[in-house]
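Chemist: Pasting a structure here, questions to come.
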Amino acid sequence: MTGSALVELRHVEKHFGTLHVLQDINLTIDRGEVVVVIGPSGGGKSTLCRAVNRLETIDSGEISIDGKPLPEEGRELARLRAEVGMVFQSFNLFAHKTVLQNVTLGQIKVRGTDKRSAEVRARSLLDRVGVGSQADKYPAQLSGGQQQRVAIARALAMDPKVMLFDEPTSALDPEMVNEVLEVMRQLARDGMTMVVVTHEMGFARSAANRVVFMADGRIVEESAPDEFFSNPRTERAKDFLSKIL
Ligand code: ADP
Ligand code: MG
Numbered sequence: 486m487t488g489s490a491l492v493e494l495r496h497v498e499k500h501f502g503t504l505h506v507l508q509d510i511n512l513t514i515d516r517g518e519v520v521v522v523i524g525p526s527g528g529g530k531s532t533l534c535r536a537v538n539r540l541e542t543i544d545s546g547e548i549s550i551d552g553k554p555l556p557e558e559g560r561e562l563a564r565l566r567a568e569v570g571m572v573f574q575s576f577n578l579f580a581h582k583t584v585l586q587n588v589t590l591g592q593i594k595v596r597g598t599d600k601r602s603a604e605v606r607a608r609s610l611l612d613r614v615g616v617g618s619q620a621d622k623y624p625a626q627l628s629g630g631q632q633q634r635v636a637i638a639r640a641l642a643m644d645p646k647v648m649l650f651d652e653p654t655s656a657l658d659p660e661m662v663n664e665v666l667e668v669m670r671q672l673a674r675d676g677m678t679m680v681v682v683t684h685e686m687g688f689a690r691s692a693a694n695r696v697v698f699m700a701d702g703r704i705v706e707e708s709a710p711d712e713f714f715s716n717p718r719t720e721r722a723k724d725f726l727s728k729i730l
C-alpha cells in the first residue's frame with residue numbers, strides 16, 4: 486500500500502542548549518516512499534533521524550509511526566526501535582560477534598525468534614545483500630562496503646516498517662560506495678519506506694521520490710528530485726548545490 490502516511494512529524498522542536506537544532510519540522514513520509522535528506526553539515530539531518538528512532542528526545546511537537554506516537558520508554562520503545570531500522574555512517578556492528586550473530590541477535594532478543602529460524606532468516610538476508618559467504622567471519626575481517634551491507638541486513642532482520650540511513654556511504658572508500666547504494670536501490674525497488682541522508686546526488690536523482698533540503702535546523706525546500714536539482718527555489722539550496730555539484 487502506498488500513499489498513506491507512515492512517518493509523521495508535526496511541529497517538532499529540539500534544542501541543544503542554546504542551539505535550536507530542529508525548528509518547526511513538519512514532514513510526512515508515505516508508505517513505500519524514498520525521501521532523501523540533503524543539506525550542509527550541522528543542519529540537523531542526523532538529529533532528525535535520531536529523533537524518529539527516539540535516540541534523541543524532542544522538546545515539543547509530535548512524531549508518530551504508523552499512526553502511533555513514539556513511546557517514551559520500556560518495552561514499547563524496544564519495539565519501536567525494531568520497527569525503525571537505522572544504518573549509520575560508522576557501521577556500528579558488534580565487533581566480538583560473527584556476521585551471522587550480528588544479524589540474529591536482535592531477532593532473538595527483541596523479537597523472541599528461536600535461534601534456528603533467526604539463522605535461516607539471517608542467511609537469506611546476507612545472501613540478499615551479497616555477503617552470504619561471509620557469515621562466519623568477524624566484522625573486522627570484512628571490507629567497509631561489506632560491513633555496511635551486513636549492517637543493512639541486520640536492520641532488515643527486524644522486519645522494520647521504515648529504514649533510516651544516515652550518510653551510509655560517507656565513511657567508505659570510493660570503490661565501495663556503489664555496492665552499498667545498489668543494495669539500497671534494490672530495497673527501494675522492493676517497496677521499502679526509506680529516509681536517506683546522503684551527499685550522493687546520483688542516488689538522490691535516481692532513487693528518491695522526494696528531496697528534502699535541510700539547513701540551520703529547518704526544512705528549507707521539499708520537492709521532486711528533478712525539480713530540486715534543475716530548479717532549486719531558494720538561495721540557500723542554490724548555494725549548497727553550487728558547492729557540491
Ligand atoms: P547534520 O547531521 O545535518 O550535520 P546534526 O544533526 O548532526 O547535523 O547536528 C546539528 C547541530 O547540532 C550541530 O551544530 C551539532 O554540532 C549539534 N549537535 C548534534 N548533536 C549534539 C549533542 N548531542 N549535543 C550538542 N550539540 C549537538
Ligand atoms: Mg549528520
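The working numbering applies: residue 486 is where the sequence shown begins, and numbers increase by one.
No residue lacks a Cβ here, since even glycine has one placed at the ideal position from N, Cα and C.
1. With a threshold of 8 Å, are at least 3 pairs of Cβ atoms found where one atom belongs to the stretch 673-681 and the other to the stretch 641-649?
2. Since L657 contacts A638 with CB under 8 Å, what's their CB separation in whole angstroms?
3. How big is the Cα-Cα spacing for L512 and K582?
4. Tell me whether S727 sits in a helix, a strand or coil according to DSSP, three-state version.
5. Quick check for students: name the residue ranges of the alpha helix (DSSP H) that lie wholly in the stretch 542-570, counting only runs of 4 or more.
6. Indicate whether A580 and Q592 have their beta-carbon atoms separated by less than 9 Å.
7. Quick one: what does DSSP say F573 is sitting in, helix, strand or coil?
8. When burial is assigned at 16 or more other CB atoms within 10 Å of the CB, is K600 buried or exposed?
9. Just to confirm the assignment, what range does the beta strand (DSSP E) spanning M686 have?
10. List in chain order the residues whose CB is within less than 5 Å of at least one heavy atom of ligand 1.
11. In whole angstroms, what separates the C-alpha of R596 from that of V569?
12. Between which residues of its own chain and L590 is the CB-CB distance below 6 Å, once the five residues before and five after are set aside?
13. Short check: CB of I755 to CB of T683, under 9 Å?
14. Around the Cβ of Q626, are there at least 16 other Cβ atoms within 10 angstroms (buried) or fewer (exposed)?
15. As a quick exercise: from V616, Q586, Q619, V614, pick the residue whose alpha carbon is nearest that of E604.
16. At a cut-off of 8 Å, would you count E652 as near ligand 2, judging by its Cβ distance to the nearest heavy atom?
17. Who are the Cβ neighbours of V519 in its own chain at under 6 Å, not counting the five residues just before and after it?
Modeler: To lay it out plainly:
1. A contact exists between the stretch 673-681 and the stretch 641-649.
2. Actually they are not in contact, since the Cβ atoms of L657 and A638 sit about 16 Å apart, beyond 8 Å.
3. If you take the alpha carbons of L512 and K582, they lie about 37 Å apart.
4. Looking at S727 - three-state DSSP - the assignment turns out to be helix.
5. Listed in chain order, they are 559-568.
6. No, the Cβ-Cβ distance between A580 and Q592 is not below 9 Å.
7. Coil.
8. Exposed.
9. Counting along the chain, no beta strand (DSSP E) covers M686; the unbroken alpha helix (DSSP H) around it starts and ends at 686-692.
10. Listed along the chain, these residues meet the criterion: F501, V506, S526, G527, G528, G529, K530, S531, T532.
11. If you take the alpha carbons of R596 and V569, they lie about 13 Å apart.
12. No residues qualify anywhere along the chain.
13. Residue 755 falls outside the range modelled here, since the chain spans only 486 to 730, and no answer is possible.
14. The C-beta of Q626 has fewer than 16 other C-beta atoms within 10 Å across all chains shown, which makes the residue exposed.
15. Measuring from the Cα of E604, the nearest candidate turns out to be Q586.
16. E652: yes, Cβ under 8 Å from ligand 2.
17. If you ignore the 5 residues before and after V519, its C-beta comes within less than 6 Å of the C-beta of A673, M679, A692, A693, N694, all in its own chain and listed in chain order.
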